[in-house]
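Encoded as C-alpha cells, the structure appears first; notes follow it.
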Amino acid sequence: MKFIHVADLHLGMHPDANKPWGKNRDQELWDTFERLIEKTEEEKADLLLIAGDLFHRQPMISELRQVDYLFQKLSRTKVVLIAGNHDPLTKDSAYRSFAWSDHVFFIGSDKVIPVKVGDVWVYGFSYYDSTNPNPVYDTIEIQDPSAINILLGHGGDVNHCPFQPEELAKLGFSYLAFGHIHKPDLSSTVPYGMPGSLEPLDITETGLHGYIQGEISEEGICTYSFQAFSKRSYFEEEILCEPYDTELSIRDKILDLISMEGIENIYKIHLKGHRDVDLEFDIDKLQSLGNILLVDETLLDYDFEALYQMNQDNLLGLFIRDLKDKEDELSKQALYLGTRALLTAMEGREG
Ligand SMILES: [Mn+2]
C-alpha cells in the first residue's frame, strides 16, 4: 500500500505579501498543492494523507470546491484529511456542510475515530478550536490489529495534543502521520513522520520542504522517506565584508551566493565584518539582485590607535581609551557607533 503524506499547506495565507518576490506567494501555495496532486497521481499512491492545516484560516466554500476539484483528478488515490488548529471546525465552518467526492474522507469527528478507507483503517479527529491541550492520542485502542492501521494526527506542542512519538508507537499503528510542526521530522526508530509545511511560510522555515512518501507491506511494516518539493526555500546566510571590499565586490559575493543556492530561493543575508569608512551600501540596489532581505551589520574600519593618539585631549580620545581594549560584542558596537557619532559631531562643529 503506497501513500503520500503531507501537512500544513496553509492555503489562504499570503507569505511575504509586502516583499517584491511575495506578490504571487499566495498563488504559489495553491500551485504547489496542484503539483502535489499531479505527483500523487503519477506515483499511483493508494492514499493521500493530509494531516491538518490544509488552510491557514477558515476555508470558503469556493475554496473547498476548488480543493475537491483537484482531488477529482486522482484516478485511484483515496484522500483522507482532518482539520487542524488553523482551520478548525468552528460553528460556522464551511467544512461542516461540505459534500466531498466519494473517494475523499474528511474525518470531522471531535474525538479520535477509525474510518475504513479501502482496506486500511485510518484513525483521526478534527480540531474544533485553535488549541487543544489534551493528550488525545495516548489512549487509542486499535479495533482490528490484523489490518493496516494508520493514525492521522495534528499537534505535538503543549497546547496542541501533546504526544511523544515513542509512546504512540506502542499503540500498534503501522504509521503515525502527523502535522503541525513546520520543520520535517522523520523518526528512524518508530514509524512516525512529520513532513513539515509543504512550502516554507516565513524566514524561520529554512531548509528543505516537501512531503513524505511511504509504503506499508502486507505485514504492516512501513518504509518512508522525505521528498523535497517546495517551489522556493529560505536561506539565512552571512557575507563577510573586508575593509578592502567595495559595493561591486559585495555585489559579486551576493550573486555568487544566490546563484549557487538557486535564484528562485529567498535569502536573508547578514553583512558582517568591517567596511571602509567611506563605503555606504545602497541596500535597495543590492536587495534587487534577487529575493533578498539584506541586513547591514558591518562596522566601520576605524584605526582606533591613530584616532586615540590624535584626540587624547578631547572627548573622543577619552571614549576610545575606555573602550578600545574591551573584547565583548556590546563594547565593540558601542566603540564603533560612539566613534562615528562623535566624529560626525566634531565635523559639524568644525564646519
Ligand atoms: Mn497546526
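Going by the working numbering, the residue at position 175 of the sequence shown is 163; the numbering climbs one at a time, nothing skipped.
The C-beta atom is built at its ideal place from N, Cα and C for all residues, glycine as well.
First through last residue of the beta strand (DSSP E) which encompasses residue i
i: Y212; result: C210 to A216
i: A71; result: Looking at the DSSP string, A71 is not in any beta strand (DSSP E), and its letter there is neither H nor E.
i: D342; result: Because the chain spans -11 through 339 in this model, residue 342 falls outside it and cannot be assessed.
i: S140; result: The question names Ser, yet the displayed sequence has Leu at residue 140. Looking at the DSSP string, the run of the beta strand (DSSP E) that includes L140 is I136 to H142.
i: D311; result: Per the sequence shown, the amino acid found at residue 311 is Leu instead of Asp. Run containing L311: none in the beta strand (DSSP E); it sits in the alpha helix (DSSP H), L303 to L311.
i: I38; result: L35 to I38
i: P102; result: I101 to V105
i: I(-8); result: K(-10) to V(-6)
i: F362; result: No information on residue 362 is available, as it lies outside the stretch -11 to 339 that the chain covers here.
Closest residue to residue i among the options (Cα-Cα distance)
i: K104; options: W88, Y115, V68 and D117; result: V68
i: G106; options: H91, G96 and A157; result: H91
i: G181; options: Y324, S162 and I70; result: S162
i: H74; options: H142, P8, E22 and N12; result: H142
i: L174; options: Q60, D284, F292 and Q215; result: Q215
i: D98; options: F113, E230 and I169; result: F113
i: R13; options: Q321, D190, V283 and L277; result: D190
i: G261; options: D244, Y255, L306 and T286; result: T286
i: W18; options: L35, H44, G160 and E30; result: H44
i: S276; options: I257, G72, D289 and E230; result: I257
i: F307; options: E317, L295 and L139; result: L295
i: G167; options: S221, K241, K(-10) and H(-2); result: H(-2)
i: M(-11); options: V265, K11 and I209; result: I209
i: N137; options: G184, D126 and E207; result: E207
i: K219; options: D244, T211, D117 and G195; result: G195
i: F292; options: R337, L243, D4 and L304; result: L304
i: E193; options: T211, I169 and I204; result: I169
i: L288; options: I242, D266, I130 and L282; result: D266
i: T28; options: Q54, E224, R53 and S63; result: S63
i: G144; options: K158, D126 and D132; result: D126
i: S221; options: K171, E268, Y83 and F269; result: K171
Residue range of the unbroken alpha helix (DSSP H) whose run includes residue i
i: Y255; result: Looking at the DSSP string, Y255 is not in any alpha helix (DSSP H); the run it does join, the beta strand (DSSP E), is I254 to R263.
i: V55; result: I49 to F59
i: G112; result: Here G112 belongs to no alpha helix (DSSP H); instead the beta strand (DSSP E) covers V108 to G112.
i: I130; result: No alpha helix (DSSP H) contains I130, which DSSP labels as neither H nor E.
i: L274; result: I271 to Q275
i: I238; result: E235 to E249
i: I25; result: R13 to E30
i: L295; result: F292 to M298
Contact set for residue i: own chain, Cβ-Cβ below 7 Å, skip 5 residues either direction
i: N147; result: T119 and P121
i: R309; result: Y296
i: G278; result: I246, I251 and Y255
i: P133; result: G160
i: P153; result: L164, S175, V178 and Y180
Residues near residue i by beta carbon distance below 6 Å, same chain, minus five either side
i: W88; result: D56 and F94
i: A39; result: A(-5), L140, H142, A165, F166 and G167
i: Y115; result: A71, G72, N73 and P76
i: L282; result: I257, I271, L274 and Q275
Where residue i falls, given that 16 or more other Cβ within 10 Å makes a residue buried
i: Q201; result: buried
i: L325; result: exposed
i: D313; result: exposed
i: S85; result: exposed
i: E187; result: buried
i: A165; result: buried
i: D80; result: exposed
i: T332; result: exposed
i: N6; result: exposed
i: P179; result: buried
i: D41; result: buried
i: N340; result: Nothing can be reported for residue 340, as the shown portion of the chain is limited to -11 through 339.
i: K11; result: exposed
i: D233; result: buried
i: D4; result: buried
i: G198; result: buried
i: I49; result: exposed
i: K66; result: buried
i: N299; result: buried
i: L330; result: buried
Chain-order list of residues whose beta-carbon lies under 8 Å from that of residue i (same chain, five-residue window excluded)
i: L58; result: F21, E22 and I25
i: S213; result: L174, I200, Q201 and G202
i: V124; result: K99, V100, F113 and C149
i: C229; result: I238, L259, K260, G261, H262, R263 and T286
i: A135; result: D107, V108 and W109
i: E31; result: K(-10), I(-8) and Q201
i: S319; result: L311
Neighbour flag for residue i against chain C, beta carbons, 8 Å
i: Q297; result: The structure shown contains no chain C; it holds only a single protein chain.
Could you tell me which uninterrupted beta strand (DSSP E) segments, each at least 3 residues in length, are contained entirely in the segment 152 to 233, listed from first to last along the chain?
163 to 167, 180 to 182, 198 to 204, 210 to 216 and 222 to 229
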